[in-house]
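I have placed the structure first, in the form of structure tokens, so that the comments after it can refer back to it.
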Amino acid sequence: MTRPLNVLVLVGSLRADSANRRLADAAVALLPGTATGTISQLPALLPHYDQDLDADAPPESVRDFRDQVAAADALVVVTPEFNGSLPSVLKNAIDWASRPRGAAALADKPVAVLGASASPRAAQWAREDARRVLAVAGAQPLEMTVGLGSSSTAFDGAELTDTGVAEALSETMQRLVSQPVAA
4 MTRPLNVLVL VGSLRADSAN RRLADAAVAL LPGTATGTIS QLPALLPHYD QDLDADAPPE
64 SVRDFRDQVA AADALVVVTP EFNGSLPSVL KNAIDWASRP RGAAALADKP VAVLGASASP
124 RAAQWAREDA RRVLAVAGAQ PLEMTVGLGS SSTAFDGAEL TDTGVAEALS ETMQRLVSQP
184 VAA
């Protein structure tokens with residue numbers, strides 16, 4: 004019997020009840036039975052990336068985060084859009100996970116990118132930036148991203164009521180877990 008795939012979810016909104024947190028919860032709920040999902044609490048605890056800190060003994064929060072990313076078979080990055088791009092907490096987490104070059108925890112990981120915003124544009128620029136940054140950092144982002152626009156009306160409690168987004172999210176989670184996992 005094979006073990007379930009371990010999917011780590013990074014959420015760029017720090018608000019407990021944000022639309023992006025709800026979208027992350029919906030993504031975890033839509034993972035196929037061959038996978039389990041965990042939403043990381045560590046990105047908010049990371050110091051700003053500083054190469055002087057990234058020496059032989061980086062801060063404990065960084066070591067814990069890198070271990071969490073390394074243990075994951077795949078990632079889901081869920082981003083709001085702040086000033087037309089992804090929030091600093093996500094960019095900082097990606098920066099830490101992309102080091103050290105050649106042995107980065109993020110290297111070759113399949114990644115699904117999702118984003119929610121109150122705007123009908125559905126965090127489009129943040130999703131595009133997240134895909135680009137992840138690819139440059141050495142991850143393998145899926146080409147398709149999922150955006151949820153007008154997010155303030157897209158949920159009934161925790162339930163995602165936008166059926167088109169729910170279908171795209173389900174398809175994306177299926178694609179994510181069917182990607183080859185790096186050895």
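Going left to right, the sequence shown walks through residues 4 to 186 as our numbering numbers them. Glycine included, every Cβ here is placed at the ideal spot set by N, Cα and C.
At which residues does the beta strand (DSSP E) containing residue i begin and terminate?
| i | result |
| --- | --- |
| Thr39 | Ala38 to Ile42 |
| Gly150 | Val149 to Leu151 |
| Leu48 | Neither: Leu48 is in no beta strand (DSSP E) and is coded neither H nor E. |
| Leu8 | Leu8 to Val14 |
If residue i sits next to residue j, beta carbons under 8 Å apart, how far is it from one beta carbon to the other, in whole angstroms?
| i | j | result |
| --- | --- | --- |
| Arg134 | Thr148 | 6 Å |
| Ala47 | Val92 | 6 Å |
| Pro90 | Gly15 | 4 Å |
| Ser173 | Leu49 | With a Cβ gap of about 31 Å, Ser173 and Leu49 do not count as contacting. |
| Thr164 | Gly118 | The Cβ separation is near 18 Å, so there is no contact. |
| Val80 | Val10 | Not quite, the Cβ-Cβ distance comes to about 11 Å (not below 8 Å), so this is no contact. |
| Ser88 | Ala121 | Not really, about 16 Å apart at Cβ, beyond 8 Å. |
| Val114 | Leu137 | 5 Å |
List the residues that DSSP assigns as beta-bridge partners of residue i.
| i | result |
| --- | --- |
| Thr166 | None; Thr166 has no bridge partner. |
| Pro144 | Val114 |
| Val31 | Answer is none; Val31 lacks a bridge partner. |
| Asp159 | Glu162 |
Across the region 94-109 and the region 61-74, are there enough close Cβ pairs to call them in contact, namely three or more that are closer than 8 Å?
yes
Those runs of the alpha helix (DSSP H) which lie wholly inside the region 56-140 and span at least 4 residues
63-74, 91-100 and 127-139
Give a yes or no on contact between the region 139-158 and the region 40-55, applying the rule of three or more CB pairs nearer than 8 Å.
no
Pairs of beta-carbons, one from the region 23-30 and one from the region 67-75, closer than 8 Å: are there three or more?
no
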